[in-house]
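*Asks:* Dumping the structure here so I can ask a few things about it.
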Amino acid sequence: MKFASVIAVVAAAASANAFTISAWSNTGYTGTQFQTSGTGTYNLGFTAKSYRWSSSGGDGCCIKFCNGSRETGYRCPAYSNSNVATANRFNKVVTGCGSTVLNC
Ligand SMILES: *[C@@H]1O[C@H](CO)[C@@H](O)[C@H](O)[C@H]1NC(C)=O
Numbered sequence: 013m014k015f016a017s018v019i020a021v022v023a024a025a026a027s028a029n030a031f032t033i034s035a036w037s038n039t040g041y042t043g044t045q046f047q048t049s050g051t052g053t054y055n056l057g058f059t060a061k062s063y064r065w066s067s068s069g070g071d072g073c074c075i076k077f078c079n080g081s082r083e084t085g086y087r088c089p090a091y092s093n094s095n096v097a098t099a100n101r102f103n104k105v106v107t108g109c110g111s112t113v114l115n116c
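Listed below in C-alpha cells is the structure:
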C-alpha cells in the first residue's frame, strides 16, 4: 500500500511539467525563438507569429497566450500554429497545471 502510494506520487511528479512551448517571431517557425518547459509568466521580448505547444495532454497543463494583458488564445492539448492570425499574435505566455489560474 505504501509502496503503491510512492509510485503514484513519483508518476505524478514526472508528468507534472511534461510540456514545452516554443514560439517564433516569424511565421513558419522561423526568426527569433523563445522556449520554456516551466510554469509561470514569460515575456517573449517579441511578438510571436508561430508556435508549437508540445504537451502530453491529460496532464492538466495549459497555456494562455497574451498580448500584454489581453488574452489572445488558450490551449491544453498539444497544438501547433505556423501562422497565427494577426489579431491573436502574442508577446507573453502564461503556463500552469492543475488548478492554477492563468491570467494575462
Ligand atoms: C498588442 O497590443 C498593442 C498595444 O495595445 C497593440 O498596439 C498591438 O497591435 C497588439 N498586437 C496584436 C497582435 O494584437
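Residue numbers (this note's numbering): 13 to 116.
Backbone N, C-alpha and C fix where the C-beta goes; we use that ideal spot for every residue, glycine too.
Keep in mind that this is a model prediction, so the values were computed, not measured.
(1) May I ask whether a heavy atom of ligand 1 can be found less than 7 Å away from the beta carbon of Ala99?
(2) Closest by CA to Cys88, which one among Lys76, Ser111, Ser34?
(3) Taking Cys73 as the reference, give the member of Arg82, Tyr86, Tyr63 with the closest Cα.
(4) Starting from Arg82, trace the beta strand (DSSP E) both ways and give me its first and last residue.
(5) How far does the beta strand (DSSP E) with Lys76 in it reach, from first residue to last?
(6) Could you check what DSSP says for Ala30 in three-state terms: helix, strand or coil?
*Replies:* Quick look at the numbers:
(1) Working through the sequence shown from its first residue, we reach residue 99 at position 87. Because some heavy atom of ligand 1 lies under 7 Å away, the Cβ of Ala99 counts as near it: yes.
(2) Walking along the sequence shown from the start, residue 88 turns up at place 76. For Cys88, the nearest C-alpha among the options comes from Lys76.
(3) Residue numbering aside, residue 73 sits at position 61 when the sequence shown is read from its first letter. Residue Tyr86 is the option with its Cα nearest to Cys73.
(4) Stepping through the sequence shown from its first residue, residue 82 is reached at position 70. Segment 82–87, the beta strand (DSSP E) holding Arg82.
(5) The sequence position of residue 76 within the sequence shown is 64, counting from 1. From DSSP, the beta strand (DSSP E) with Lys76 extends over 73–79.
(6) For the purposes of this step, residue 30 is identified with residue 18 of the sequence shown, where counting begins at 1. Coil.
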